[in-house]
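As you go down the protein sequences, you meet chains A and B in turn. So the numbering used here is basically just the index in the first sequence, starting at one, shifted up by 10. So the numbering used here is basically just the index in the second sequence, starting at one, shifted up by 296. Each residue gets a CB set at the ideal place from its N, CA and C atoms; glycine is no exception. Predicted, not measured: the structure shown is a model, and the values here were computed from it. This report concerns only the one structure given below.
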Amino acid sequence: MAIDVATAKGKIRDYIVQTSHADANKIKDESLIFKEGFFDSMGFIMLITFLEEEFGIKTVDSDLIEENFESINAISEFIQRKSQG
Amino acid sequence: MSTLKPFTKDIILLENVAAVVENIIGQMRGDVLQRFKRNGAVVGISGGIDSSVCFALAAKAFGPEKVLGVMLPEKDSSPDSEMLARELAAKFGIMAIKEEITGALSGFGCYERRDEAVKRVFPEYDPASWKMKIGVRQSGLFSNLPPIFYLTIIDSDGNVKDKMLPARDYLQIVAASNFKQRTRMSMLYYHAEALHYAVIGTPNKHEQEQGFFVKYGDGAGDVMPIGNLYKTQVYQLAEYLGVPKGIIERTPTTDTYSAEQTQEEFFYQLPFHLMDRFWYGFENGYPPSEVAAVMGETPERVEALFRNFERKRNTTEYLRLPPVRDYYHG
Chain A
11 MAIDVATAKG KIRDYIVQTS HADANKIKDE SLIFKEGFFD SMGFIMLITF
61 LEEEFGIKTV DSDLIEENFE SINAISEFIQ RKSQG
Chain B
297 MSTLKPFTKD IILLENVAAV VENIIGQMRG DVLQRFKRNG AVVGISGGID
347 SSVCFALAAK AFGPEKVLGV MLPEKDSSPD SEMLARELAA KFGIMAIKEE
397 ITGALSGFGC YERRDEAVKR VFPEYDPASW KMKIGVRQSG LFSNLPPIFY
447 LTIIDSDGNV KDKMLPARDY LQIVAASNFK QRTRMSMLYY HAEALHYAVI
497 GTPNKHEQEQ GFFVKYGDGA GDVMPIGNLY KTQVYQLAEY LGVPKGIIER
547 TPTTDTYSAE QTQEEFFYQL PFHLMDRFWY GFENGYPPSE VAAVMGETPE
597 RVEALFRNFE RKRNTTEYLR LPPVRDYYHG
């Protein structure tokens, strides 16, 4: 089932802002959330759990690459691909 | 203009080990005897390189008759740990006692709570005969993504399965396992207080700065004589002090989970001889390109590595801080 892109990005952004305790204005769709230090290892594990529960996807080892998680845009595209595939 | 020495692979080697040892034992005497007014030292000995070097330093600082070694095995500990610890104590003529902590850990529900989380991930897991461990995947350290923890189980026939750990299960396994380090520290303080001794903390520089310790567990202690030494330097001290070869040649393990597990696979993701040199470059402000050229890496990968180091240092600051108490300024 396709997931609405704008809705998905909104949910991901809300989650990141809420759990990283970062200034909401600093987190843009293209912000590099790991490179810029918004999330640590625990944050990454929790993000994966959130995405699986919120969007009903299942993450496998080969998914754990920077291109899939580096920004809200990347995460949104990743869950679109997973939900269609 | 930079005043840094050119980066080389030998840059972290101690040039005068004897002088470093003399300085450390002089400071240990000053802190423990004069400042803390304690009469000697208690050291938890695991048969690992760090606690062995601390034990040998304590023997030199206070004399063998003023040091107590405590072996603290539990049911998941390797039998090698006790054998090597006994060999160490005999070598330095120090009394070593054994405090088996399995009963205390069972009382805390350490094993039960851990196994409950393991079974949520692998319902077929049989704690009576299977082994388990958690660890990180090696490829992550040069990436901008933080590492993800995996749970590995090994059945009684040696068949291995692993799976990425969900947050809730990871946290419960770590929290339950940390009873081990905290129980050990409680026992060390019992003996230290009963003898009016100080507890020697045994973390090295990497454990301290990267947060590879349990807060109020193995991260506790009154003095930490090797807390500012790289692992390579700890090995230099071990050779100088005459630590038994079996300990020097042993691969550093966590000795925390029932399955064999090296510190590299659990946490560091790099062999210590590489980690030491990259960390030296990072903390002394060397340009990634200079470190990369010496270490045979690309500047981009070293930049990512340094970002990982920075993140690790920042996110583990909480572990190193004492309780914050400056809430009232009246």
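Shown here for K394/B: same chain residues with a beta carbon closer than 6 Å to its own, the five before and five after excluded, namely M367 in chain order. Pairing L364/B with L384/B, the inter-Cα distance amounts to about 12 Å.
Contact annotation for S51/A against chain B: P442 and P443 [CB-CB distance below 7 Å, chain order]. The C-beta distance from F388/B to A352/B rounds to 6 Å, short enough to fall under 8 Å. N312/B and N524/B have their C-alpha atoms spaced approximately 16 Å apart.
Taking a contact as a CB-CB distance under 8 Å, the pair F49/A and P442/B counts as one, their CB atoms being some 7 Å apart.
For P462/B, the residues of chain A that pass the 7 Å Cβ criterion are T59, in the order they occur in the chain. Assignment of D458/B by DSSP, reduced to helix, strand and coil, places it in the strand class. Counting of Cβ neighbours within 10 angstroms places Y486/B among the exposed residues, the total staying below 16. From the beta-carbon of G20/A, no residue of chain B is found nearer than 9 Å; the closest lies around 22 Å away. Counting along the chain, T29/A sits inside the alpha helix (DSSP H) bounded by residues V15 to S30. Neighbourhood of Y614/B in chain A, by CB distance below 7 Å: empty, with the nearest CB roughly 11 Å away. For P618/B, the number of other beta carbons within 10 angstroms of its own is below 16, and it is reported as exposed. Not a single C-beta of chain B is nearer than 7 Å to the C-beta of E87/A.
Taking 7 Å as the CB threshold, E76/A lines the interface with chain B. Annotation for K19/A: D39, I82 and S86 place their beta carbon closer than 7 Å to its own, counting only its chain and skipping 5 residues before and after.
In its chain, beyond the 5 residues on either side, I450, S554 and A555 have a beta carbon closer than 6 Å to the beta carbon of K427/B.
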